[in-house]
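Peer 1: Residue numbers (our numbering): 3 to 119. The beta-carbon is built from N, C-alpha and C at its ideal position, and this holds for glycine as well.
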Amino acid sequence: MKDTATKSTPVASYKTFDLSSTVNRVESFLSSRGVVFDDAQEPMFRNHIDALKRRIEAGEFTEGLEDAFGEVSSHAFDLAREVVRLAYGDESEGISESEIFLLATHIEVALRKEGMQ
Numbered sequence: 003m004k005d006t007a008t009k010s011t012p013v014a015s016y017k018t019f020d021l022s023s024t025v026n027r028v029e030s031f032l033s034s035r036g037v038v039f040d041d042a043q044e045p046m047f048r049n050h051i052d053a054l055k056r057r058i059e060a061g062e063f064t065e066g067l068e069d070a071f072g073e074v075s076s077h078a079f080d081l082a083r084e085v086v087r088l089a090y091g092d093e094s095e096g097i098s099e100s101e102i103f104l105l106a107t108h109i110e111v112a113l114r115k116e117g118m119q
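Below you can see the structure in the form of C-alpha cells.
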C-alpha cells in the first residue's frame, strides 16, 4: 500500500470553522445514524477532523490507500462522505477518496463495536 500526499490548489482559510461545534454537529449526525464513538474513539475522530481541516487549507491530501478500501463497508464510506460535506461544506470539493477512507475507518470501528456491521 502506497501512502503519498498530493498537492492541490490550497483553499482560503475559513475563519468560521470551529472545531468543537463542527465535531458536535458531525457526531450528532452520526449518532442519528447509529454511530456513537466511545471515550477512546472520540478524541481520535476529533483529531482527524482537525487534521483534515489543516490538509484542506494546505491543499495537501493523502493518496494511495485504494488497496485498503475493502476494509470498510460502503455504509461507512457513505457516512464519511456525508461527514465531509457537513464538516467542510464547499471546501470538501477535491478531497481524495483516500481521505474519505481514513474518516470511514473511524466510523467503521464504531459501527463494529456497536454490532451494526
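#1: Are L67 and S100 closer than 8 Å when you measure CB to CB?
#2: Label R56 either buried or exposed according to how many other C-beta atoms from any shown protein chain fall within 10 Å of its C-beta, with 16 as the threshold for buried.
#3: To the nearest whole angstrom, what separates the beta carbons of V37 and I109, a pair I think is in contact under 8 Å?
#4: With DSSP as the reference, label F79 as helix, strand or coil.
#5: Determine the contact status of A70 and L113, defining contact as a CB-CB distance below 8 Å.
Peer 2: The relevant details are as follows:
#1: yes
#2: exposed
#3: 6 Å
#4: helix
#5: no
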